[in-house]
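Per UniProt numbering, residue 1 is the first one in the sequence shown, and the count goes up by one each step. Here a beta-carbon is modelled for each residue, glycine too, at the ideal position from N, C-alpha and C. Small disclaimer: the values here were computed from a predicted structure and weren't measured.
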Amino acid sequence: MASTVSKIISYAELKALVGKSKDLVLVDVRTKEEVDKGRIPGSLHIPLDTVEPALLLKPEEFQAKYGVTKPALDAPELVFHCQMGRRGAMATDKAHKLGYVNARNYAGSYKEWSEKEGK
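Next comes the structure, spelled out in structure tokens:
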């Protein structure tokens, strides 16, 4: 069984990937209202209540709906985040149950990102 630590990515790790890694799929599971107030660059908005149905879409349906390639089950850098960490953890658990073995949660979430980035 995977440890909880392996499911978490730190601010420093995420910062190193944002805008630099072609493999990063960063999913923001907050509400539209929260996202409208600010977001992590390059993040894909999929609200928590639609994460599971989104990950169950066929690749072409996912591409048509979200404008990006659907992550593979073994995607190396699939990261979920929310405002404070709880919803991101829930989304990460859903992804793991669907077979996304490397999915991680940015536990610091948008709150930490915005504080450190001054936004």
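Item to complete: For Thr-92, count neighbouring Cβ atoms within 10 angstroms of its own Cβ and tell me buried if that reaches 16, exposed if not.
Response: buried
Discussion item. Whole angstroms are fine: how far does the CA of Ala-103 sit from the CA of Leu-24?
Written reply: 11 Å
Worksheet item: For Leu-95, which option in Ala-72, Tyr-110, Trp-113 and Glu-13 has the closest C-alpha, if you only look at C-alpha atoms?
Response: Going by the sequence as given, residue 95 is Ala instead of Leu. Nearest C-alpha to Ala-95 among Ala-72, Tyr-110, Trp-113 and Glu-13: Ala-72.
Discussion item. Could you tell me which whole alpha helix (DSSP H) segments of length 4 or greater appear in the stretch 3 to 56?
Written reply: Every unbroken stretch of the alpha helix (DSSP H) spanning 4 or more residues and falling wholly within the stretch 3 to 56 is given here in chain order: 11 to 17, 32 to 36 and 48 to 56.
Worksheet entry | Validate contact between the stretch 40 to 52 and the stretch 63 to 81 using beta carbons, cut 8 Å, 3 pairs | Judged by Cβ distances under 8 Å, the stretch 40 to 52 makes contact with the stretch 63 to 81, as three or more pairs qualify.
Item to complete: Have a look at Thr-4 and Lys-116 and give me their C-alpha separation to the nearest angstrom.
Response: Reliability fails at Thr-4, whose pLDDT of 42 lies under 50, so the model's placement of it is uncertain and no value is given.
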